[in-house]
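Trainee: Residue numbers (our numbering): 901 to 1709.
Glycine included, C-beta positions come from ideal geometry on N, C-alpha and C.
Questions regarding the structure given below will be posed in turn.
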């Protein structure tokens, strides 16, 4: 009976052992050699630290199976190995186990183990909190992952829901707009946080009464979300202050088991409270050993939901108790990928992801209808030959976001059709070279990234006399281009078995040119004026990691970020809709924002803690970030009233602590996250005003900061659950707490959004290996609240039950 149960596991382990890869691992200390093997093979190695101490590996070179390569690495060391999982190998000392009376079948594990694995960042899922894979707890930096398991268990009504439980991460919630706006450690908008889909930047920014930057996608196409909370020393770190968020789409490996030629999944979700329908079909085909295809389509239809009935929400102008009107949407998405692997050394991916969303925005009688399309195209090439000096990755990408808006007639002017569009094109090229230095591994990553944003806007009124110069709408997205280029290099060196150090240097530069509309009072008309801006900066970084044991890492780092002004910041101009004159003014003298971040943290990994096979994982990080020249919208002249973007006079400072942890066993799990953030955004500024040149002019100090979001000081999520019926049935609950947050909105209105506590329950049942039912009830106490960083005039959804069925084929 036991053999029947473990037969599939052993067969899968043997299949992994028989996989062939190319290796070039030089003679070196055994611990370092095993680490390189794990990286190259994509496997997890488990061994006691004393096993490798003082032992030298002769290395391995050539194209071999994983089993043969590992045998050569261990040759002459007196050690052996056994598969303890499909992709996990335990290094053993046969002599020591024999003297201890260990069974020959290897059923007894070592008492104390170290875990050494290549930080395989392609792993999308794990059994921990948010489905976090183990590499997150092996990476010495503040990084979080939300993976497939978590996405399935908690169907997202809005894309923002994907990131609710990530420590140090918030979303500026606009329930009328299906776009995602991410805040990391207090920074958001204007691409301060680099938001990507499969590494493709989503730079779209559109000013209005709220947040500016949105990323458009359907969660049905996503398999993992990776959040880095400091500026990366490598690709993705250009022109950012607060890190990066990457949404990873489905691949052929997500849908096909080894040996399958075709497969896929169909999923459908429905629920209460106007959660009408969400469905998708994804399929993959392996045409040959070298060519695979992935395709899919999804559709989501949501209506206007009811807010909670328990309590009331303090809006701008009084309590908000009515339903959240115009919070529905109709969304279609499509995906296509071709994955080409001509040999063990190369891979090529060609992909397209499309999004179209229809939705309405506004209040009362002033309701605008919108159609937003987003197209993301990528060509990704990787080359990893039999050489420690070449591990090349190249990406060429294009993104096109287009908002088409119909604005019905108001009381004092007619209807308008308005179009806003941003096209971005970019390239990244990087290589990693490994060297032996004093019998230790030195890894050097270097490369370049560059991208260009192009914006256009157009408006057409039903009455041509309403806005003949096009000044009412052009200021929200001025026409222009912004180009950014970055060269980078970083090095990591293993000084000893327990000490690693790193250093990096990048240079970011930008060039911006845009068209501003300026008011000529003598002719009572507008004219075009070119606005130009450019600059650059050298940005160092450094890190140190201490691993006194195999289950603990302590790390510290320093990094700098550089964020050039966006087109809409430099060239904001024109007038407010329905008026004339110079309501918004450009500021070509804006300085780029610059950040410095200190971070300390620790990773904890413990196995077999309370019971065989259980695990405890924990990541703790503390940070202190300063931002100089923070840019925000402000009033800069007393007569006439003019708004423009300014640099703050003093530094803004963001300090905090973040924790993510999970305990996992066969029967139950407990996990959660906690965030503390002290955000002090400086919005004071000094400006020179001129009313009558030479007569009435001077310098003034004032306070600005319109459309600023301040996250809560405290945010926490805790969840727990149990598994029944041979782990086929899972039942769990979650509690989410958020303290008060601040939305400093239009016309000087500031709203302190109250804190809240929300309770959810969730579960799943596996009918068999191919069909799974997921179910959940969110906000079970029907609390009336506004989301963190949300619009205080809109409540979050009240009690909502959802049910989802996924069938794999």
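Between which two residues does the alpha helix (DSSP H) carrying residue 972 extend?
Mentor: From DSSP, the alpha helix (DSSP H) with residue 972 extends over 966-974.
Trainee: Can residue 1212 and residue 1219 be called in contact, C-beta distance under 8 Å?
Mentor: Cβ atoms of residue 1212 and residue 1219: closer than 8 Å.
Trainee: Which runs of the beta strand (DSSP E) fall wholly inside the region 1478-1550 and span at least 3 residues, in chain order?
Mentor: List check, beta strand (DSSP E) in window: 1493-1507, 1515-1528, 1531-1537, 1542-1547.
Trainee: Taking only three categories from DSSP, how would you classify residue 1592?
Mentor: Looking at residue 1592 - three-state DSSP - the assignment turns out to be strand.
Trainee: Name the DSSP beta bridge partners of residue 1440, please?
Mentor: Answer is 1405, bridged to residue 1440.
Trainee: Give the DSSP-derived three-state secondary structure of residue 992 in the structure shown.
Mentor: Three-state DSSP puts residue 992 in a strand.
Trainee: Specify the secondary structure class of residue 1673 as computed by DSSP and reduced to three states.
Mentor: If DSSP states are grouped into helix, strand and coil, residue 1673 belongs with the strands.
Trainee: Rounding to the nearest angstrom, what Cα-Cα distance links residue 1393 and residue 1441 in this structure?
Mentor: Distance between the alpha carbons of residue 1393 and residue 1441 is about 14 Å.
Trainee: So what's residue 875 in DSSP terms, helix, strand or just coil?
Mentor: No answer is possible for residue 875: it lies beyond the span of the chain, which begins at 901 and ends at 1709.
Trainee: So what's residue 1289 in DSSP terms, helix, strand or just coil?
Mentor: Residue 1289: coil per DSSP, three-state reduction.
Trainee: First and last residue of the alpha helix (DSSP H) that includes residue 1452?
Mentor: Per DSSP, residue 1452 belongs to no alpha helix (DSSP H); it is in the beta strand (DSSP E), 1452-1463.
Trainee: Does the distance from the CB of residue 1635 to the CB of residue 1659 come in under 8 Å?
Mentor: A contact, by the Cβ cut-off of 8 Å.
Trainee: Quick check on DSSP: helix, strand or coil for residue 1035?
Mentor: Helix at residue 1035.
Trainee: Is the beta carbon of residue 1241 less than 8 Å from the beta carbon of residue 1247?
Mentor: Yes, Cβ-Cβ distance for residue 1241 and residue 1247 is below 8 Å.
Trainee: For residue 982, name the three-state secondary structure that DSSP assigns.
Mentor: Strand at residue 982.
Trainee: To the nearest whole angstrom, what separates the beta carbons of residue 1324 and residue 1332, a pair I think is in contact under 8 Å?
Mentor: Not really, about 26 Å apart at Cβ, beyond 8 Å.
Trainee: Just the C-alpha distance for residue 1451 and residue 1504, rounded to the nearest angstrom, thanks.
Mentor: Going by the C-alpha atoms only, they are around 6 Å apart.
Trainee: Please report the straight-line C-alpha distance between residue 1489 and residue 1601, rounded to a whole angstrom.
Mentor: Straight-line Cα distance between these residues: approximately 18 Å.
Trainee: I think residue 1318 touches residue 1307, with their Cβ atoms under 8 Å apart; what is that distance to the nearest whole Å?
Mentor: Going by Cβ atoms, the distance from residue 1318 to residue 1307 rounds to 6 Å, so yes, they are a contact pair.
Trainee: Taking contact to mean 3 or more Cβ pairs, one atom from each stretch, closer than 8 Å, check whether the region 1148-1163 and the region 1514-1528 are in contact.
Mentor: The region 1148-1163 is not in contact with the region 1514-1528.
Trainee: Between which residues of its own chain and residue 1526 is the CB-CB distance below 6 Å, once the five residues before and five after are set aside?
Mentor: Excluding sequence neighbours, residue 1526 sits near 1496, 1551, 1553.
Trainee: Which residues in the same chain have their Cβ closer than 8 Å to the Cβ of residue 1398, if we skip the five residues on either side of it in sequence?
Mentor: Cβ within range, chain order: 1446, 1447, 1448.
Trainee: Give the straight-line distance between the Cα atoms of residue 1010 and residue 965, rounded to the nearest whole angstrom.
Mentor: Any reading at residue 1010 must be qualified, since the residue scores a pLDDT of 39, below 50, and its modelled position is unreliable; the value itself is stated next. Using only the alpha carbons, I get a separation of about 26 Å.
Trainee: Can you tell me the Cβ-Cβ gap for residue 1632 and residue 1621, rounded? I've got them flagged as a contact below 8 Å.
Mentor: That pair is a contact at about 3 Å.
Trainee: Under three-state DSSP, which class holds residue 1348?
Mentor: Reduced to three states, the DSSP call for residue 1348 is strand.
Trainee: Can you find at least 3 beta carbon pairs, one from the region 1692-1708 and one from the region 1196-1209, that sit closer than 8 Å?
Mentor: Touching, yes, given that three or more Cβ pairs across the two stretches are closer than 8 Å.
Trainee: CB-CB under 7 Å to residue 1652, same chain, minus the five flanking residues each way: which ones, in chain order?
Mentor: 1640, 1642.
Trainee: Use the C-beta contact count for residue 1058: other C-beta atoms within 10 angstroms, 16 or more gives buried, fewer gives exposed.
Mentor: It is buried - the Cβ of residue 1058 has at least 16 other Cβ atoms within 10 Å.
Trainee: Kindly give me the distance between the Cβ atoms of residue 1096 and residue 1136, rounded to whole angstroms, as I take these residues to be in contact under 8 Å.
Mentor: Confirmed, Cβ separation roughly 7 Å.
Trainee: Under 7 Å Cβ to Cβ from residue 1132, same chain only, skipping five residues before and after it: list those, please.
Mentor: If we look at residue 1132 and ignore the five residues flanking it on each side, its Cβ neighbours are 1144.
Trainee: Under a Cβ-count criterion, where at least 16 other Cβ atoms within 10 Å of its own Cβ denotes burial, should residue 1114 be classed as buried or exposed?
Mentor: Flag for residue 1114 reads buried.
Trainee: Can you name the start and end residues of the alpha helix (DSSP H) that residue 1467 belongs to?
Mentor: Residues 1467-1470.
Trainee: From residue 1229 to residue 1335, what distance separates their C-alpha atoms?
Mentor: Distance between the alpha carbons of residue 1229 and residue 1335 is about 54 Å.
Trainee: Short check: CB of residue 1119 to CB of residue 1062, under 8 Å?
Mentor: Yes, they are a contact pair.
Trainee: Going straight from the alpha carbon of residue 1076 to that of residue 1090, what length do you get?
Mentor: The alpha-carbon atoms of residue 1076 and residue 1090 are separated by roughly 20 Å.
Trainee: My assumption, with CB atoms under 8 Å, is that residue 1543 sits in contact with residue 1483. Please give the rounded CB distance.
Mentor: Rounded, the Cβ-Cβ distance is 7 Å, consistent with contact.
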